[in-house]
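In what follows, a single structure is set out as structure tokens and then discussed.
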Amino acid sequence: MKVCIFEDETYANFYPLSLTRPVFELKCGYFTLRERIQTHLGTDKVCYFMRDYLASWFERYYGLPVNKMDSLMGDDVLFVNGRWLMQKDELKLEGEEEAGFFNDTLLYLRARKKTLQDIYSDNLNLREILTGLAENTKSKKIKVTLINYPWDLINNNASQMEKDFILLGRVGIKGTFPSGSFIEGDSDKIFIASSAEIEPLVVLSTKSGPIFIDEGAKVLSLTRIEGPCYIGRNSQAKGNIREGTYIGPVCRVGGGEIEETIIHGFTNKYHEGFIGHSYLGEWVNIGALTTTSDLKNDYTSVQVYINGELRDSGQTKVGSFIGDHSKTGIGTLLNTGCVIGVGSNVVAGGGVTPKHIPSFCWYLNQKFYKGSGLKGTINTAKVVMERRGVRLSSEQERILEEVFKITDGERKEMIARSRR
Amino acid sequence: MTLEEKVKDIIVKVTKVKPEEVKNEAHLVRDLGVDSFATVELVAAFEAEFDIEIPPEDAERVDTVGKAVDYIRKKVEEKNN
Numbered sequence: 102m103k104v105c106i107f108e109d110e111t112y113a114n115f116y117p118l119s120l121t122r123p124v125f126e127l128k129c130g131y132f133t134l135r136e137r138i139q140t141h142l143g144t145d146k147v148c149y150f151m152r153d154y155l156a157s158w159f160e161r162y163y164g165l166p167v168n169k170m171d172s173l174m175g176d177d178v179l180f181v182n183g184r185w186l187m188q189k190d191e192l193k194l195e196g197e198e199e200a201g202f203f204n205d206t207l208l209y210l211r212a213r214k215k216t217l218q219d220i221y222s223d224n225l226n227l228r229e230i231l232t233g234l235a236e237n238t239k240s241k242k243i244k245v246t247l248i249n250y251p252w253d254l255i256n257n258n259a260s261q262m263e264k265d266f267i268l269l270g271r272v273g274i275k276g277t278f279p280s281g282s283f284i285e286g287d288s289d290k291i292f293i294a295s296s297a298e299i300e301p302l303v304v305l306s307t308k309s310g311p312i313f314i315d316e317g318a319k320v321l322s323l324t325r326i327e328g329p330c331y332i333g334r335n336s337q338a339k340g341n342i343r344e345g346t347y348i349g350p351v352c353r354v355g356g357g358e359i360e361e362t363i364i365h366g367f368t369n370k371y372h373e374g375f376i377g378h379s380y381l382g383e384w385v386n387i388g389a390l391t392t393t394s395d396l397k398n399d400y401t402s403v404q405v406y407i408n409g410e411l412r413d414s415g416q417t418k419v420g421s422f423i424g425d426h427s428k429t430g431i432g433t434l435l436n437t438g439c440v441i442g443v444g445s446n447v448v449a450g451g452g453v454t455p456k457h458i459p460s461f462c463w464y465l466n467q468k469f470y471k472g473s474g475l476k477g478t479i480n481t482a483k484v485v486m487e488r489r490g491v492r493l494s495s496e497q498e499r500i501l502e503e504v505f506k507i508t509d510g511e512r513k514e515m516i517a518r519s520r521r
Numbered sequence: 037m038t039l040e041e042k043v044k045d046i047i048v049k050v051t052k053v054k055p056e057e058v059k060n061e062a063h064l065v066r067d068l069g070v071d072s073f074a075t076v077e078l079v080a081a082f083e084a085e086f087d088i089e090i091p092p093e094d095a096e097r098v099d100t101v102g103k104a105v106d107y108i109r110k111k112v113e114e115k116n117n
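Heads up: the sequence lines are chains H and V, in that order.
According to this note's numbering, the first sequence is numbered sequentially starting from 102.
According to this note's numbering, the second sequence is numbered sequentially starting from 37.
Written out as structure tokens, the structure is:
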């Protein structure tokens with residue numbers, strides 16, 4: 102049985118985080134949605150379907166077929182919706198042909214090799230194939246956790262990290278833990294990898310959940326970490342890192358306070374300032390004293406810019422969603438539920454930012470500008486990535502070019518408004 | 037105002053330097069202190085005033101007041117032809 106993880110038509114609900122990656126590459130808990138699906142199904146016989154402009158890079162990244170219709174032939178296939186926050190034993194790899202739905206959303210579809218051969222045609226895309234298969238397959242309703250919006254990733258992050266700590270089954274202090282540092286709570290809810298380093302005067306509190314500190318990570322002196330929390334490979338952490346925080350690989354994070362936040366990877370938030378209930382993409386730099394608001398003063402639900410409009414999240418606590426390669430200047434005050442695109446530069450100049458800053462925009466002194474444009478942003482991205490020994494590939498450059506085109510309209514609109 | 041006067045007027049407004057400092061030979065960065073933020077503001081102001089598009093790569097190559105005047109004059113002529 103082959104597994105095919107697909108991105109459905111709701112990908113724009115996750116902009117800007119999903120402008121540069123398929124939705125199933127977003128993280129919740131210790132893993133991406135994709136990794137979680139593959140882990141629970143127990144297979145690496147996988148292919149993927151996503152938006153075309155992402156395929157080239159991700160095929161290279163995975164080393165597995167992406168958007169290849171012929172990869173669906175020759176085997177029984179279990180199609181799985183990549184937005185599923187799959188839990189243990191929710192879905193079996195093998196079984197009869199059937200289509201599982203949560204409300205009206207197709208979650209999975211198991212099809213035999215012959216069924217696929219009968220329906221396959223060069224003219225059909227994946228969505229058409231799935232629609233055709235679902236119409237002729239026994240259906241089943243199930244209730245699962247489906248990620249519909251970016252705040253769902255944040256809301257499920259802490260509980261997922263608790264489950265993932267148990268799932269990984271790694272416990273104990275394998276790395277350095279100096280006598281001047283303390284564990285507050287159960288020490289069997291701590292894992293410190295062998296090459297991780299904890300400096301003196303660090304407090305790790307597991308009273309609210311487990312703490313996982315991965316290989317090569319370093320926790321600097323005078324840091325307090327509250328679980329559930331994950332500190333990623335080769336990352337550095339300091340400051341007040343509160344519960345529900347995931348810090349991905351090769352990040353420099355700390356100073357000030359971070360709470361209930363996902364930092365995808367290769368991102369810096371190294372100085373004072375508060376980040377809460379937020380998702381930061383890759384290669385983001387958060388300037389000193391940048392602060393997110395994650396709670397309105399009237400305690401009403403937060404409106405978030407989703408797919409071209411302000412939408413009521415229904416949530417009281419929502420921070421910021423910041424796309425890859427964006428930067429905030431010193432002292433930036435991010436509005437509640439602020440959405441910052443890919444490759445943006447935000448220098449707010451004392452005021453609170455607007456709710457939405459489009460991709461590749463400079464927001465400067467309360468106005469929108471086109472800034473250094475696509476080429477300038479790519480040049481900056483190359484410099485930033487080289488500092489961490491990573492090269493911006495030609496495929497990734499083409500993704501940024503495509504994102505520039507996709508976001509052209511909204512960017513021009515905001516710039517035009519600034520000139521009125 | 038002539039085109040040249042408008043360009044120089046915009047430079048004065050954005051940079052806050054004295055009008056007499058905005059000579060054709062003045063270097064935007066070294067003499068008038070135009071940093072990356074001011075560059076972005078200047079580009080936006082020129083685009084709005086003259087109804088032209090200035091690609092960011094072009095903005096990088098214009099380094100004196102005189103070159104800015106010449107560039108904008110050329111862009112306006114292209115637009116009108």
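A virtual CB, placed ideally from N, CA and C, is assigned to each residue, including glycine.
Check	Outcome
Beta-bridge partners of residue 325 of chain H, as assigned by DSSP	H:304, H:341
Secondary structure of residue 275 of chain H, DSSP reduced to three states	coil
Interface positions of the segment 83 to 109 of chain V facing chain H (Cβ-Cβ less than 7 Å), listed along the chain	84, 91, 92, 93
Exposed unless 16 or more other CB atoms sit within 10 angstroms - verdict on residue 455 of chain H	buried
Chain V contact for residue 476 of chain H (CB, 8 Å cutoff)	yes
Residue 374 of chain H beta carbon less than 8 Å from that of residue 391 of chain H	yes
Residue-chain proximity (residue 460 of chain H, chain V), Cβ-Cβ < 8 Å	no
Limits of the unbroken alpha helix (DSSP H) element including residue 137 of chain H	134 to 142
Sheet register partners of residue 470 of chain H (DSSP bridge)	H:463
Length of the line joining the Cα atoms of residue 238 of chain H and residue 329 of chain H	41 Å
Distance CB(residue 285 of chain H)-CB(residue 303 of chain H) smaller than 8 Å	no
Test: residue 76 of chain V CB closer than 8 Å to a CB of chain H	yes
Buried or exposed by the 16-neighbour rule on C-beta atoms within 10 Å, applied to residue 65 of chain V	exposed
Residues sharing a beta bridge with residue 240 of chain H, DSSP	H:200
Nearest candidate by alpha-carbon position, reference residue 121 of chain H, set H:510, H:506, H:514	H:506
Supposed close pair residue 313 of chain H, residue 266 of chain H - CB separation, criterion 8 Å	6 Å
Counterpart residues of residue 426 of chain H in DSSP-defined beta bridges	None; residue 426 of chain H has no bridge partner.
Whether residue 607 of chain H touches residue 174 of chain H by CB criterion (8 Å)	For chain H, the structure presents residues 102 to 521; residue 607 of chain H sits outside this window and is missing.
Any chain V beta carbon closer than 8 Å to residue 465 of chain H	yes
Interface residues of the segment 419 to 439 of chain H facing chain V [CB-CB below 9 Å]	none
Under 8 Å by beta carbon: chain V residues contacting residue 471 of chain H	76, 79, 80, 92
Backbone CA spacing between residue 93 of chain V and residue 75 of chain V [nearest angstrom]	12 Å
Contact under 8 Å by Cβ, residue 150 of chain H with residue 107 of chain H	yes
Through-space distance from residue 95 of chain V to residue 347 of chain H, alpha-carbon basis	41 Å
Neighbour-count burial assignment, residue 517 of chain H, 16 or more Cβ in a 10 Å radius	exposed
Partner residues on chain V for residue 448 of chain H, Cβ-Cβ distance less than 9 Å	73
Beta-carbon gap between residue 446 of chain H and residue 409 of chain H smaller than 8 Å	no
Range covered by the beta strand (DSSP E) that runs through residue 413 of chain H	410 to 413
Residue 213 of chain H versus H:227, H:198, H:443, residue with shortest Cα-Cα distance	H:198
Beta-carbon proximity list for residue 351 of chain H, same chain, < 8 Å, skipping 5 on both sides	333, 334, 335, 336, 366, 367, 489
C-beta contact flag for residue 46 of chain V and residue 73 of chain V at 8 Å	no
Three-state class that DSSP yields for residue 382 of chain H in the structure shown	strand
Exposed unless 16 or more other CB atoms sit within 10 angstroms - verdict on residue 311 of chain H	buried
Whole-angstrom distance between residue 282 of chain H and residue 135 of chain H, CA atom to CA atom	36 Å
Spatial neighbours of residue 372 of chain H in its chain, beta-carbon cut-off 6 Å, leaving aside the 5 residues before and after	356, 389
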